[in-house]
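Scroll down for the structure; my scribbles are underneath it.
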Amino acid sequence: KLTVMLSSHLLNEVEQLCNRIAIIDRGRLLYEGSLEKLIAAEKLVRLRVDRTEEAYALLSGEESLEVLRNGDRALYVRLTDEQIPHVNARLVARGILVSELTPQRETLEEVFLRLTK
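Numbering (the working numbering), first residue to last: 1 to 117.
Below, the structure written as structure tokens:
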């Protein structure tokens, strides 16, 4: 077994080279572990619905969700795997037609920026 420590701000290269990472911000360890687990922990899910404004209002009211808008018919929601069916069920219960619910893969750079903001 061989361990190489690499410190870099070129996160796209880190993502290609490393399978375990540590994220440190201002001397504080924010994450240490598998790169795949970090990226898979929360997914950015693209959600296309027929009533975007109503869906946005409904989901924005939930404290545990981060909801972003993108265009007229798409929302992006940060969710765990366990939250996905719950969110879908809430929308359907309100009569909102869900035409797409697609997890988006975030890059290490996107995750890093979110964790350190």
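Ideal placement from N, C-alpha and C gives every residue a C-beta, glycine not left out.
- Task: State yes or no: is the C-beta of R114 within less than 7 Å of the C-beta of A74?
- Result: no
Please list the segments of the beta strand (DSSP E) lying wholly inside the segment 11-90, counting only runs of 3 or more residues, in order along the chain.
20-25, 28-34, 43-49, 66-70, 74-79
If we count the other Cβ atoms within 10 Å of its Cβ and call it buried at 16 or more, is V92 buried or exposed? exposed
Next on the checklist: Am I right that L101 and I39 are in contact with their C-beta atoms under 8 Å? What's the rounded C-beta distance?
Outcome noted: The Cβ separation is near 19 Å, so there is no contact.
message = So, with DSSP's three-state summary, where would you put E100?
response = strand
Limits of the alpha helix (DSSP H) - the one that R114 falls within: 108-116
If you draw a straight line from the C-alpha of L58 to the C-alpha of V87, how long is it? Straight-line Cα distance between these residues: approximately 10 Å.
Distance between N19 and N12 (C-alpha atoms, nearest Å)
13 Å
Check your understanding: How many Å lie between V14 and V77 at the Cα?
Key -> 26 Å
Which listed residue (A41, E54, G61) has its alpha carbon closest to that of P103
Ranking the options by Cα distance to P103, first place goes to A41.
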